[in-house]
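Numbering-wise (full-length UniProt numbering), the sequence shown opens with residue 1 and increments by one.
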Amino acid sequence: MSIICRKAVPEDVEALYELIQDYAAKGIMLPRSKDALSRSIHTFVVVEDQGKLIGCGSLCRLGVDLVEIRSLGIADGYKGKGMGSMLVDALMAEAKEQRIPKVMALTYETAFFQKNGFTVVEKEIFPEKVWTDCVNCPKQNNCDEIAVLRLVEFAPEQLTTDYVQI
Ligand SMILES: CC(C)(COP(=O)(O)OP(=O)(O)OC[C@H]1O[C@@H](n2cnc3c(N)ncnc32)[C@H](O)[C@@H]1OP(=O)(O)O)[C@@H](O)C(=O)NCCC(=O)NCCS
1 MSIICRKAVP EDVEALYELI QDYAAKGIML PRSKDALSRS IHTFVVVEDQ
51 GKLIGCGSLC RLGVDLVEIR SLGIADGYKG KGMGSMLVDA LMAEAKEQRI
101 PKVMALTYET AFFQKNGFTV VEKEIFPEKV WTDCVNCPKQ NNCDEIAVLR
151 LVEFAPEQLT TDYVQI
């Protein structure tokens, strides 16, 4: 295997669409149209094996100090080999580069996120979330996903005056 984790480019839209659609059909992810993917392609990181896209994840800005990991998935046949963690590492690095101190996700894969340094938290601490994806989600009033949170580790000099690390 020759595995590469990199930022997504517009040429990835088709393969990304197929990967996400597969999970959306199973109710694990929200579907994303090709148009929406094209517009948000700069928020995605992908994993490829010899040119074949086998995993993806994106970072969606929810507020001044908060981003959400979305559309995180590894293709069947490639799970359990550390690639999901590789994507989380890349997304955490991206949050750090953007100086965003809090990274959250809504997930059924709590154990995976805990292995990657996240803590289970109450959904209600994220009012921002309600105004984005949730308004279009069929499970809006019946959400059974678990909220997880990880804080980005900054050196003191990396913090801007806008943010206070908790
Ligand atoms: C969740 C997902 C991204 C994990 O990716 P992955 O490449 O299989 O995970 P990794 O190999 O990096 O696993 C890292 C650690 O988490 C553990 N882990 C992964 N999935 C797990 C699960 N479902 N339950 C318990 N532990 C799990 C692994 O055993 C590993 O532990 P270790 O470090 O002690 O060996 C992948 O299973 C997936 O695509 N699931 C379907 C889509 C989905 O639910 N995405 C989450 C949306 S928020």
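Even glycine gets a Cβ: it sits at the ideal position worked out from N, Cα and C. From a predicted model like this one, the values you see are computed outputs, not experimental measurements.
Can you tell me which residues form a DSSP beta bridge with residue i?
{"i": "valine 88", "result": "BP columns for valine 88 are empty, so no partner."}
{"i": "lysine 52", "result": "Asp49"}
{"i": "isoleucine 146", "result": "Thr107"}
{"i": "glycine 57", "result": "Val45"}
{"i": "glycine 73", "result": "Cys56"}
Measuring only from the beta carbon, is residue i closer than 8 Å to any heavy atom that is part of ligand 1?
{"i": "alanine 8", "result": "no"}
{"i": "leucine 72", "result": "yes"}
{"i": "tyrosine 17", "result": "no"}
{"i": "glycine 117", "result": "no"}
{"i": "phenylalanine 44", "result": "no"}
{"i": "methionine 104", "result": "no"}
{"i": "leucine 53", "result": "no"}
{"i": "methionine 83", "result": "yes"}
{"i": "isoleucine 3", "result": "no"}
{"i": "glutamate 109", "result": "yes"}
{"i": "glycine 80", "result": "yes"}
{"i": "leucine 87", "result": "yes"}
Give the straight-line distance between the Cα atoms of residue i and residue j, rounded to the nearest whole angstrom.
{"i": "cysteine 5", "j": "valine 13", "result": "16 Å"}
{"i": "methionine 83", "j": "glycine 55", "result": "8 Å"}
{"i": "valine 120", "j": "valine 9", "result": "32 Å"}
{"i": "glycine 21", "j": "cysteine 60", "result": "The residue asked about is misnamed: residue 21 is glutamine in this sequence, not glycine. The straight-line gap from Cα to Cα measures roughly 18 Å."}
{"i": "glutamate 153", "j": "proline 101", "result": "7 Å"}
{"i": "serine 38", "j": "lysine 7", "result": "14 Å"}
{"i": "leucine 66", "j": "valine 103", "result": "6 Å"}
{"i": "leucine 149", "j": "serine 58", "result": "15 Å"}
{"i": "valine 64", "j": "isoleucine 3", "result": "33 Å"}
{"i": "serine 33", "j": "leucine 19", "result": "12 Å"}
{"i": "isoleucine 146", "j": "tyrosine 108", "result": "6 Å"}
{"i": "valine 164", "j": "phenylalanine 112", "result": "Here valine 164 scores only 44 on pLDDT, less than 50, and its place in the model is too uncertain to base an answer on."}
{"i": "cysteine 137", "j": "glutamate 124", "result": "17 Å"}
Can you give the beta carbon distance from residue i to residue j, rounded, assuming they're within the 8 Å contact cut?
{"i": "leucine 87", "j": "leucine 72", "result": "6 Å"}
{"i": "valine 45", "j": "glutamate 97", "result": "Incorrect: roughly 12 Å between the Cβ atoms, too far for contact."}
{"i": "leucine 53", "j": "leucine 16", "result": "7 Å"}
{"i": "leucine 91", "j": "isoleucine 69", "result": "6 Å"}
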